[in-house]
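These notes concern the structure reproduced below.
Protein chains: 2
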Amino acid sequence: MDRQKIKEAGLKLTPQRLAILDYLRDNLEHPSAEDIYKAILERFPTMSFATVYNTLETLREKGAIQELTIDPQKKRFDPNPRPHHHLICNRCKKILDIHIDYQLHVPEEKKNGFEIVGNHIEFYGICPGCRLKMSGMQS
Amino acid sequence: MDRQKIKEAGLKLTPQRLAILDYLRDNLEHPSAEDIYKAILERFPTMSFATVYNTLETLREKGAIQELTIDPQKKRFDPNPRPHHHLICNRCKKILDIHIDYQLHVPEEKKNGFEIVGNHIEFYGICPGCRLKMSGMQS
DNA sequence: TATTAATTGATAAATATTATCATATTGAAA
DNA sequence: TTTCAATATGATAATATTTATCAATTAATA
Chain A
1 MDRQKIKEAG LKLTPQRLAI LDYLRDNLEH PSAEDIYKAI LERFPTMSFA TVYNTLETLR
61 EKGAIQELTI DPQKKRFDPN PRPHHHLICN RCKKILDIHI DYQLHVPEEK KNGFEIVGNH
121 IEFYGICPGC RLKMSGMQS
Chain B
140 MDRQKIKEAG LKLTPQRLAI LDYLRDNLEH PSAEDIYKAI LERFPTMSFA TVYNTLETLR
200 EKGAIQELTI DPQKKRFDPN PRPHHHLICN RCKKILDIHI DYQLHVPEEK KNGFEIVGNH
260 IEFYGICPGC RLKMSGMQS
């Protein structure tokens with residue numbers, strides 16, 4: 001439940017935060033701050049853009065959501081804070097979750113002295129929709 | 140050789156392009172457009188910021204360099220266009236190459252109809268320098 | 001060398017994000 | 001409950017990054 005997520009993070013429960021988490025929950029689109037703002041504005045006309053950014057940053061900081069750097073144009077947000085990987089369409093930039101637990105071992109001599117704490121895999125490809133569109137035209 | 144790289148890409152050989160590729164070659168820092176601009180400006184005072192962006196985008200488009208989306212603040216560029224992975228320091232955001240050939244199999248039922256053509260792994264950790272700094276302080 | 005098509009550089013514009021701060025709201029204490 | 005301090009919001013300004021525009025310049029070739 002969203003209320004719990006906010007409480008657990010030690011944050012105050014505000015309608016704005018609930019609206020953002022409500023929109024994010026079950027959202028598979030990995031929306032940008034603007035996407036979120038626009039979507040919520042319809043039901044919540046007083047929502048400010050700044051609040052969207054504030055809230056997203058706060059939630060990320062508290063580990064309640066994930067910020068994705070996949071899109072070179074803008075940040076995108078993932079309601080699932082647990083480690084998982086992503087499947088990205090090279091054409092339309094659609095992003096899907098992909099849950100596979102790979103055991104990626106890095107030999108000591110390749111660690112460059114780093115202490116490795118996690119990883120994230122981006123799989124690139126072409127989504128079904130774009131493949132259809134492409135088959136209808138020449139390259 | 141840089142000249143070849145440019146020729147092969149079907150591009151005109153300009154001093155600006157040479158300067159950028161020269162700076163990028165053997166550079167392990169994965170610099171941003173601004174880093175590149177500033178560094179080159181010292182030896183090449185007429186270089187324009189727009190040209191840096193133009194050139195980087197053109198080179199990327201032709202497959203001569205890689206654009207990294209690892210840094211949420213800005214794009215960073217990698218002189219090595221061949222697939223490889225990256226090791227990122229969570230603290231100072233230093234980025235190092237990591238060359239390991241993992242065979243990442245994605246079962247058909249997890250592909251969501253995508254045709255997968257590649258992948259990129261980001262390993263997160265703390266670099267030796269930051270570990271040292273951290274050991275000297277409380278969290 | 002002359003030609004032309006590509007490239008550069010100056011600058012403006014667009015986009016995305018962060019900062020500022022007065023006002024409003026939440027949650028806890030009285 | 002009401003009160004109050006800390007936190008959050010919303011309006012807006014500021015900053016940062018990237019892209020677009022376009023006249024002037026330059027590279028490649030004929």
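Protein chains in written order, with our numbering: chain A, 1 to 139; chain B, 140 to 278. We treat Cβ as the ideally placed atom computed from N, Cα and C, and that holds for glycine. Please read these numbers as outputs of a predicted model, since none were measured by experiment.
Asked: What does the Cβ neighbour count give for Pro79 (chain A), buried or exposed, with the cut at 16 atoms within 10 Å?; Found: buried
Asked: What residue range does the alpha helix (DSSP H) around Phe114 (chain A) cover?; Found: Careful: Phe114 (chain A) lies outside any alpha helix (DSSP H) and carries neither H nor E.
Asked: Using beta-carbon positions only, say whether Glu122 (chain A) and His259 (chain B) come within less than 8 Å of one another.; Found: yes
Asked: Report buried or exposed for Leu50 (chain A), applying the criterion of at least 16 other Cβ atoms within 10 angstroms of its Cβ.; Found: Residue identity differs from the one stated: residue 50 (chain A) is Ala in this sequence, not Leu. Ala50 (chain A) should be labelled exposed.
Asked: Below 8 Å between beta carbons is the criterion; list the residues of the stretch 193-214 of chain B that meet it against any residue of chain A, in chain order.; Found: Glu206, Thr208, Ile209, Asp210, Pro211 and Lys214
Asked: Which chain A residues sit within Cβ distance under 8 Å of Tyr241 (chain B)?; Found: Tyr102 and Leu104
Asked: Which residue's Cα is closest to the Cα of Leu24 (chain A): A:Pro45, A:Glu8 and A:Arg76?; Found: A:Arg76
Asked: For Ile95 (chain A), report the span of its beta strand (DSSP E) as first-last.; Found: Ile95 to Ile98
Asked: Which class does Cys89 (chain A) belong to by DSSP, given the choice of helix, strand or coil?; Found: strand
Asked: Any beta-carbon of chain B closer than 8 Å to the one on Val52 (chain A)?; Found: no
Asked: Does DSSP classify Tyr241 (chain B) as helix, strand or coil?; Found: coil
Asked: With a Cβ-Cβ cutoff of 8 Å, do Leu18 (chain A) and Asp2 (chain A) count as a contact?; Found: yes
Asked: Could you check if Thr194 (chain B) is buried or exposed, using at least 16 other CB atoms within 10 Å of its CB as the buried criterion?; Found: buried
Asked: Skipping 5 residues on each side, what residues in its chain have a beta carbon closer than 7 Å to that of Ile70 (chain A)?; Found: Arg76, His86, Ile88, Ile95 and Glu122
Asked: Excluding the 5 residues preceding and the 5 following Tyr176 (chain B) in the sequence, name in chain order all residues of the same chain whose CB lies nearer than 8 Å to its CB.; Found: Met186, Phe188 and Val191
Asked: Got a sec: which bits of the stretch 112-138 of chain A sit with their beta carbon under 8 Å from any beta carbon on chain B, in order along the chain?; Found: Asn112, Gly113, Phe114, Glu115, Ile116, Val117, Gly118, Asn119, His120, Ile121, Glu122, Phe123, Tyr124, Gly125, Ile126, Cys127, Pro128 and Arg131
Asked: In whole angstroms, what is the alpha-carbon distance linking Gln281 (chain B) and Lys272 (chain B)?; Found: Any property of residue 281 (chain B) remains undetermined from this structure, which presents chain B solely from 140 to 278.
Asked: Less than 6 Å between C-beta atoms, sequence neighbours within five positions excluded: which residues of the same chain meet that for Cys92 (chain A)?; Found: Cys130
Asked: Quick check: what's the CA-CA separation for Ile6 (chain A) versus Gln212 (chain B)?; Found: 26 Å
Asked: Name the chain B residues that come within less than 8 Å of Leu24 (chain A), Cβ to Cβ?; Found: The contacting residues do not exist; Leu24 (chain A) stays about 18 Å from chain B at best.
Asked: Counting only beta-carbon atoms, is Ile98 (chain A) nearer than 8 Å to chain B?; Found: yes
Asked: Taking Cβ to Cβ, would you say Pro81 (chain A) is nearer than 8 Å to Gly63 (chain A)?; Found: yes
Asked: At the 8 Å Cβ level, is Leu18 (chain A) part of the contact set with chain B, yes or no?; Found: no
Asked: On the premise that Gly10 (chain A) lies in contact with Val256 (chain B), defined as a C-beta separation below 8 Å, what is that separation, rounded to the nearest angstrom?; Found: Val256 (chain B) to Gly10 (chain A), Cβ: 43 Å. No contact.
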